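Just so we're aligned, residue 63 is where the sequence shown starts under my numbering, counting upward by one.
Yeah, the Cβ is synthetic: ideal placement off N, Cα and C, and Gly gets one too.
Predicted model, so just to flag it, every value in this text is computed and none were measured.
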Amino acid sequence: MYRKKSRGWYKHKDFILIDLICLFLSLLIAHLIRNGSVQSLFRAGIYRNMISFVILADLFLIIIFESYKGVLRRGHYQELHSVIRQMILLELASGLYLFTVSDGHSFSRTVLYLMGVFYVFLSYGTRIAWKKHLIHKMAEGGEHSLYIVTNYDQAAKVIRNVKEHNYNRYNINGLIIVDKNAVGRKISGIPVVAELENAASYICQQWVDEVFVNIDESYSYPDELIQELLEMGMVVHVNLAKVKSTSGQKQFVETVGGYTVLTTTMNYATDRQAFAKRALDILGGLVGCFLTGIIFIFVAPAIYISSPGPIFFSQTRIGQNGKPFKMYKFRSMYMDAEERKAELMAQNKMSDGRMFKLDFDPRVIGNKILPDGSRKTGIGEFIRKTSLDEFPQFWNVLNGDSGIIGTTKKNLDFTGVSLA
63 MYRKKSRGWY
73 KHKDFILIDL
83 ICLFLSLLIA
93 HLIRNGSVQS
103 LFRAGIYRNM
113 ISFVILADLF
123 LIIIFESYKG
133 VLRRGHYQEL
143 HSVIRQMILL
153 ELASGLYLFT
163 VSDGHSFSRT
173 VLYLMGVFYV
183 FLSYGTRIAW
193 KKHLIHKMAE
203 GGEHSLYIVT
213 NYDQAAKVIR
223 NVKEHNYNRY
233 NINGLIIVDK
243 NAVGRKISGI
253 PVVAELENAA
263 SYICQQWVDE
273 VFVNIDESYS
283 YPDELIQELL
293 EMGMVVHVNL
303 AKVKSTSGQK
313 QFVETVGGYT
323 VLTTTMNYAT
333 DRQAFAKRAL
343 DILGGLVGCF
353 LTGIIFIFVA
363 PAIYISSPGP
373 IFFSQTRIGQ
383 NGKPFKMYKF
393 RSMYMDAEER
403 KAELMAQNKM
413 SDGRMFKLDF
423 DPRVIGNKIL
433 PDGSRKTGIG
443 EFIRKTSLDE
453 FPQFWNVLNG
463 DSGIIGTTKK
473 NLDFTGVSLA
């Protein structure tokens, strides 16, 4: 599911949190210098109330005056001007508050003035440092895998614009050129991975979070490619100069790399929804890992005695948008299971060969066919039937590789099959 980008003040929540911390520290230091300790800051009613007021006032002013709008594009002087303006507004709001409340005269004016001075230094310094950190991360690329569909002549310009407006979101992994065969070449350091005709088949086998389509107006609109990408569940951004509605999909306007685009996706989650789902996964993952530990105490010795070797089995699975990860289970098969698979292939119940399934699998720990023809099962069959072997996957849930609610993650053998 696509996570819709935050809008307005909320997308700068990292800067806001840093600013609130700086403000609290400024008040703390000012009180320490004036009174020689910080204990009375939390004991005296007016000082304790002042902590709550300045934090709420700072948050209110940030939202109303959009203090962080364009923060990453501001220079040092503009940033200093923004900090001083915020400080003056805070001092005025605090002065008005102290004038209004009955015990305002008990609050030291020296603490109020020193708080403003320290706030300017702390807030300005941390803003500059945090911006440098983010810009450095932008240069390294973001966490979302992005492929760009464009024409050859404007590819370099599109790459430059996306990188300049990246804001730590995208890592450009490849180009798809629609007007010529340039596969194998690099444009501005980005490899050309496919042409229009084989773009869909290439993308379906890669880790791709989002696709950005930006083609010069002189070229025809790649309707068929976009439809194929949407059927795969891809998120597709189209430059608004090339807008075309797509029925049955969620569409909304946003910006990608400095371009105004129409984003089309099967579904999307807001920050609040994504946070709620991740919180549920973390809670479920912690409980599941705790239960896994208890199960381990009983299952691990039985597995090791029956088949000495690792207790856990790992396999590379394909997660969201084709991203590979290691999935863990309790080992339920003998160590030579893969080698014995070729011998048993003739007994495979799945005729197409894409999956392997037997009525009675002798590779499972404890499974034996006795001389009289009867079948004997062991710990491997037990943990499979009871699904106890699946419990280590709660680590994958906790790690963010998968979720409590979601589709079964396919292995590489399955995803390697062409969907064309």
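Check: Three-state class that DSSP yields for F374 in the structure shown; Outcome: strand
Check: CB contact flag (N213, V240, <8 Å); Outcome: yes
Check: Closest by C-alpha distance to C84, when choosing among F180, D398 and K312; Outcome: F180
Check: First and last residue of the uninterrupted beta strand (DSSP E) at K388; Outcome: P386 to F392
Check: Rounded separation between F169 and I125 - CA only; Outcome: 27 Å
Check: Which listed residue (D421, Q377, E293 and L160) has its alpha carbon closest to that of E400; Outcome: Q377
Check: DSSP bridge partner residues for M177 (one or two, in chain order); Outcome: Note: M177 sits in no beta bridge, so no partner.
Check: Sufficient close CB pairs (3 or more, under 8 Å) joining the stretch 386 to 402 to the stretch 419 to 426; Outcome: yes
Check: Beta-carbon separation (whole angstroms), T326 vs V298, contact threshold 8 Å; Outcome: 5 Å
Check: Reduced DSSP category for H227 - H, G, I as helix; E, B as strand; rest coil; Outcome: coil
Check: C-beta contact flag for G384 and W457 at 8 Å; Outcome: no
Check: Cβ separation of M328 and G295, assumed to be a contact under 8 Å, to the nearest whole Å; Outcome: 6 Å
Check: Residue span of the alpha helix (DSSP H) that contains V116, given as start and end; Outcome: G107 to F127
Check: N461 (DSSP reduced to helix, strand or coil); Outcome: helix
Check: Three-way DSSP call (helix, strand, coil) for M294 in this model; Outcome: coil
Check: Sequence-distant residues of the same chain with beta carbon closer than 6 Å to V145, five excluded per side; Outcome: V182, S185 and Y186
Check: 8 Å contact criterion, which F352 and D463 should meet: CB distance rounded; Outcome: Not a contact, Cβ separation roughly 19 Å.
Check: Span of the alpha helix (DSSP H) around V211; Outcome: Unbroken run through V211 is the beta strand (DSSP E), H206 to T212; no alpha helix (DSSP H).
Check: Reduced DSSP category for M149 - H, G, I as helix; E, B as strand; rest coil; Outcome: helix
Check: Collapsed DSSP secondary structure at I277 in the structure displayed; Outcome: coil
Check: Of the residues L460, L176 and R171, the one placed nearest L348, counting alpha carbons only; Outcome: L460
Check: In DSSP terms, what V323 is bridged to; Outcome: N301 and E316
Check: Cα-Cα separation between F161 and H167, rounded to whole angstroms; Outcome: 8 Å
Check: Residue burial classification, N429 (beta-carbon count within 10 angstroms, cutoff 16); Outcome: buried
Check: Nearest neighbour of E205, chosen from A362, N233, I221 and N301 [CA to CA]; Outcome: N233
Check: Test item: CB-CB of Y321 and N301 under 8 Å; Outcome: yes
Check: Range of the contiguous alpha helix (DSSP H) that encloses L258; Outcome: Note, L258: premise wrong, no alpha helix (DSSP H); not H, not E.
Check: Exposure of Q101, with buried meaning 16 or more beta-carbon neighbours within 10 Å; Outcome: exposed
Check: As assigned by DSSP and simplified to three states, the class of N233; Outcome: strand
Check: Extent of the continuous alpha helix (DSSP H) run through D421; Outcome: It is not in any alpha helix (DSSP H) - D421 carries neither H nor E in the DSSP assignment.
Check: Coil, strand or helix - K242 by DSSP; Outcome: coil
Check: Length of the line joining the Cα atoms of L481 and A261; Outcome: Because the pLDDT of L481 is 34, which lies under 50, any placement of that residue in the model is unreliable, and the question is left without a value.
Check: Paired residues, beta bridge with R437 - DSSP; Outcome: I431
Check: Assigned secondary structure, M407 (DSSP; H/G/I helix, E/B strand, else coil); Outcome: helix
Check: Straight-line gap, G246 to V273 (C-alpha atoms, nearest Å); Outcome: 19 Å
Check: Enclosing alpha helix (DSSP H) for L348 [first to last residue]; Outcome: D333 to S368
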